[in-house]
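Numbering (the working numbering), first residue to last: 523 to 733.
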């Protein structure tokens, strides 16, 4: 290798390094044009460019542009079909867009790629409950709670599903469990659980005093 080639290789490595950083992290900014520029001009192709589509999709999701988000996640999954987070992100966009059955299918894919993560089980439970399939929703919540017993929101949501199915004792147990979890986490879920317990208490028939 000649001495003249060394500086060129150094510059090339720096440019590739910067390009890789931009590809992976463009979604951290709130400007989709950055991701679009990466997609249009980055020398890196193939599965790596899926990060740029993913980043732009997440920006669209944050701004409520669910159809744009779904389209970008479609591209990302086409380029990198083995990344579980892409299916979770597209599932969320589909759920927010009202495409519940498609969202459930995406949560199934996310779980198949990473079965040890609690979040997609919880989120699939939400989608199933929204379709009225409370039995499958509760099964999905069960796994979420088993994988992450400290998630007060999952306890609350399973309790709501139990309540909708008329299983008052099971619902009460979940609401009470949500209140026993650390106070610094899921504050709103704990408050909602407390409110539901108060509603249940007020709905109970008063005991007739014995004479």
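Backbone N, C-alpha and C define an ideal beta-carbon position, used for all residues, glycine too.
To the nearest angstrom, how far is it from the Cα of residue i to the Cα of residue j?
i           : j           : result
residue 595 : residue 628 : 11 Å
residue 700 : residue 561 : 44 Å
residue 719 : residue 694 : 7 Å
residue 600 : residue 725 : 52 Å
residue 608 : residue 598 : 7 Å
residue 717 : residue 655 : 25 Å
residue 672 : residue 640 : 11 Å
residue 581 : residue 645 : 20 Å
residue 723 : residue 669 : 30 Å
residue 679 : residue 713 : 13 Å
residue 559 : residue 575 : 11 Å
residue 688 : residue 557 : 48 Å
residue 617 : residue 611 : 10 Å
residue 741 : residue 665 : Outside the shown range of the chain, which is 523 to 733, sits residue 741, and nothing can be said about it.
residue 715 : residue 604 : 37 Å
residue 570 : residue 647 : 31 Å
residue 579 : residue 622 : 19 Å
Is residue i buried or exposed, if buried means 16 or more other CB atoms sit within 10 Å of its CB?
i           : result
residue 657 : exposed
residue 709 : exposed
residue 662 : buried
residue 631 : buried
residue 721 : exposed
residue 620 : exposed
residue 690 : exposed
residue 577 : buried
residue 586 : exposed
residue 705 : exposed
Mind reading off the beta-carbon distance from residue i to residue j? Whole number of angstroms is fine, and I expect it under 8 Å.
i           : j           : result
residue 649 : residue 626 : 5 Å
residue 683 : residue 652 : Incorrect: roughly 11 Å between the Cβ atoms, too far for contact.
residue 583 : residue 591 : 4 Å
residue 674 : residue 711 : 4 Å
Would DSSP call residue i helix, strand or coil?
i           : result
residue 664 : helix
residue 705 : coil
residue 687 : coil
residue 589 : helix
residue 671 : coil
residue 716 : helix
residue 639 : coil
residue 725 : helix
residue 680 : helix
residue 767 : Since the first residue of the chain shown is 523 and the last is 733, residue 767 is not available in this structure.
residue 621 : coil
residue 596 : helix
residue 654 : coil
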